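Student: My questions all concern the structure below.
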Amino acid sequence: MKQPMIMTPGPTYINEEVRGAMAQPITNPDLDPGFFEFYKDTCEKLQRLLKTKNDVLILSGEGILGLEAACASLIEPGDRVLCIDNGIFGKGFGDFQKMYGAEVVYFSTDYRSEISISELEEFLQEDNAFKLATVVHCETPSGITNPIDKICPLLKQYGILTVVDSVSGIGGEKLEADKWKVDIALGGSQKCLSAPPGLSFLSVSEDAWAAMADRKTPIAGFYVNLYMWKNWYKKKWFPYTQPISDIYALNKAVELVLREGDFAKKHYKIADAVRRSLVEAGLELHAASGYSNTVTAVVMPQGISFGKLFEDMRSKHNILIAGAFDVLKDKVFRIGHMGENCKEEKVYITLKALDSVLADNGIKLKGELYKLFAQNFKF
Ligand SMILES: *Cc1c(COP(=O)(O)O)cnc(C)c1O
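For the sequence shown, our numbering puts the final residue at 402, and the numbers step up evenly by one.
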């Protein structure tokens with residue numbers, strides 16, 4: 024089987040060095056002292072990536088586990104939680120909060136724009152009795168990045184714990200967990216880090232640890248219990264056998280991202296050129312503000328369904344692009360340009376294929392996407 028080029032917002036292409044790391048012989052992760060050091064080294068690399076001195080934990084489960092674990096570990100039945108919602112993942116966070124007994128209050132705004140700080144400020148002046156708030160850094164289905172740098176410091180002014188889902192932001196968008204006062208910043212392995220799917224990781228602040236220690240009721244779950252991890256290194260103990268091969272891969276993947284240097288700038292340059300090219304060609308971006316630099320969502324042009332676009336891209340060009348789900352199902356198509364796919368040549372090939380598929384389906388553009396991209400991309 025010839026693997027397709029996966030230009031989706033995760034999972035992303037996995038570099039040979041990362042695949043090589045994954046193929047290394049394993050040891051017994053519960054018994055080998057060397058593995059505890061390796062695990063610690065992986066956490067330290069993630070600390071550098073997240074710009075935090077807080078503890079970082081790696082959980083054996085895809086990104087969603089991080090969201091659920093943060094809710095399960097911090098929320099007690101009856102707690103008031105603010106769910107900041109300007110997209111599908113933002114709103115979905117509320118479902119986990121309810122599962123663990125929260126009284127959820129939604130701050131819901133337009134799904135085509137970033138969160139407005141002035142509107143949030145106005146809202147908080149009226150009501151701010153929340154134990155924690157959740158917010159999504161990059162709303163992957165709609166291609167919108169929220170101003171976490173302003174949202175989290177504002178929430179902390181009111182003593183509200185901040186939980187940020189940056190699954191599709193970390194490694195692509197700027198994130199400074201400590202400076203921005205993020206109590207829990209969480210990510211996944213398969214998006215901008217370009218490691219295999221299967222791991223989630225999160226930073227836990229002193230305030231977040233304290234909130235867990237102060238609980239009156241036990242955390243209702245095992246895999247979702249972050250407090251079990253407190254002092255894992257001192258105790259040389261893991262709650263369960265660690266997925267060692269995945270952690271080999273994650274360690275290498277984070278090393279590559281750190282080696283790359285200014286990953287946010289690289290992502291911005293590609294994303295900016297993609298957006299300009301689409302707009303110049305007459306297509307419409309889904310986002311009206313807060314454009315994501317890791318994924319672009321484009322309004323489906325008249326005259327073609329997402330199903331046909333996807334199938335033609337796949338069968339004629341062996342490229343996978345994404346649609347979206349929930350309220351955006353069939354309304355947008357998405358190009359992921361994150362991590363290993365944030366490369367000029369990959370985007371060029373993808374846009375060239377898109378030109379050809381759209382033309383074959385009778386959709387007329389003002390110019391060719393790949394040529395516009397070549398003009399708009401600045402080294
Ligand atoms: C990918 C992603 C997750 C993890 O969800 P999956 O759909 O299971 O991959 C969580 N949050 C955001 C914002 C994501 O982009």
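C-beta atoms are modelled at their ideal positions from N, C-alpha and C, and glycine is treated no differently. Because the structure is a prediction, the values reported are computed rather than measured.
Which full runs of the alpha helix (DSSP H) of 4+ residues lie inside the segment 78 to 128, going along the chain?
Tutor: 87 to 97 and 111 to 122
Student: Could you check how far apart the C-beta atoms of Met30 and Thr373 are, in whole angstroms? I think they sit under 8 Å.
Tutor: Within the sequence shown, residue 30 is the residue found at index 7, counting from 1. Within the sequence shown, residue 373 is the residue found at index 350, counting from 1. With 8 Å as the limit, Met30 and Thr373 qualify as a contact, their Cβ atoms being about 5 Å apart.
Student: Could you check if Phe112 belongs to the surroundings of ligand 1, using beta carbon to heavy atom distance under 7 Å?
Tutor: Position 89 of the sequence shown holds residue 112. The answer is yes for Phe112.
Student: When you compare each of Arg71, Val79 and Gly33 to Trp255 by their alpha carbons, which one comes out closest?
Tutor: Sequence index remark: in the sequence shown, residue 255 carries index 232 (1-based). Of Arg71, Val79 and Gly33, the residue nearest in Cα terms is Val79.
Student: Ligand 2 and Asp188: does any heavy atom of the ligand fall closer than 7 Å to the residue's C-beta?
Tutor: Absence of ligand 2 from the depicted structure is noted, with ligand 1 being the only ligands included.
Student: In this structure, how does DSSP classify Arg135 when only helix, strand and coil are distinguished?
Tutor: By 1-based counting over the sequence shown, the position of residue 135 is 112. Of the three classes helix, strand and coil, the one that applies to Arg135 here is coil, per DSSP.
Student: For Asp378 and Asp335, which I take to be in contact (beta-carbon distance under 8 Å), what is that distance rounded to the nearest angstrom?
Tutor: For the purposes of this step, residue 378 is taken as the residue at position 355 of the sequence shown. For the purposes of this step, residue 335 is taken as the residue at position 312 of the sequence shown. That pair is no contact at about 12 Å.
Student: Indicate whether Ala320 and Ala304 have their beta-carbon atoms separated by less than 8 Å.
Tutor: The count along the sequence shown starts at 1 and reaches residue 320 at position 297. The count along the sequence shown starts at 1 and reaches residue 304 at position 281. For the pair Ala320 and Ala304, the CB atoms are not nearer than the 8 Å cut-off.
Student: Give me the Cα-Cα distance between Ser139 and Glu307, rounded to the nearest whole angstrom.
Tutor: Taking the sequence shown and counting its residues from 1, one reaches residue 139 at position 116. Taking the sequence shown and counting its residues from 1, one reaches residue 307 at position 284. Going by the C-alpha atoms only, they are around 22 Å apart.
Student: With DSSP as the reference, identify every bridge partner of Val159, one or two as the case may be.
Tutor: For the purposes of this step, residue 159 is taken as the residue at position 136 of the sequence shown. DSSP, once it has assigned bridges, lists Asp188 as partnering Val159.
Student: Count the C-beta pairs between the segment 200 to 212 and the segment 81 to 91 that are closer than 8 Å, then say yes if the count reaches three, no if not.
Tutor: Counting Cβ pairs under 8 Å, three or more are found: they touch.
Student: Gly330 lies in the alpha helix (DSSP H); which residues open and close that run?
Tutor: Position 307 of the sequence shown, counting from 1, holds the residue named residue 330. Segment Phe329 to His340, the alpha helix (DSSP H) holding Gly330.
Student: Can you list, in chain order, the stretches of the alpha helix (DSSP H) that have 4 or more residues and sit fully within the segment 213 to 240?
Tutor: 229 to 236
Student: Compare the C-alpha of Ile174 against each of Ala200, Lys289, Pro164 and Val190 and name the closest.
Tutor: Sequence index remark: in the sequence shown, residue 174 carries index 151 (1-based). Here the closest residue by C-alpha is Ala200.
Student: Leaving out five residues on either side along the sequence, give the residues of the same chain with a beta carbon under 6 Å from the beta carbon of Thr157.
Tutor: One-based indexing of the sequence shown puts residue 157 at position 134. Only Cys106, Phe116 and Val186 meet the Cβ criterion.
Student: Where DSSP assigns a beta bridge to Ala320, which residues make up the other side?
Tutor: Against the sequence shown, residue 320 aligns to sequence position 297. DSSP, once it has assigned bridges, lists Arg357 as partnering Ala320.
Student: Ser328: buried (16+ other C-beta within 10 angstroms of its C-beta) or exposed?
Tutor: Start at 1 with the first residue of the sequence shown, and residue 328 comes out as number 305. Answer is exposed; the Cβ neighbour count stays below 16.
Student: Checking 8 Å against the spacing of the C-beta atoms, do Leu225 and Ser300 come in under that value?
Tutor: Locating residue 225 in the sequence shown gives position 202, where the first residue counts as 1. Locating residue 300 in the sequence shown gives position 277, where the first residue counts as 1. Contact: no.
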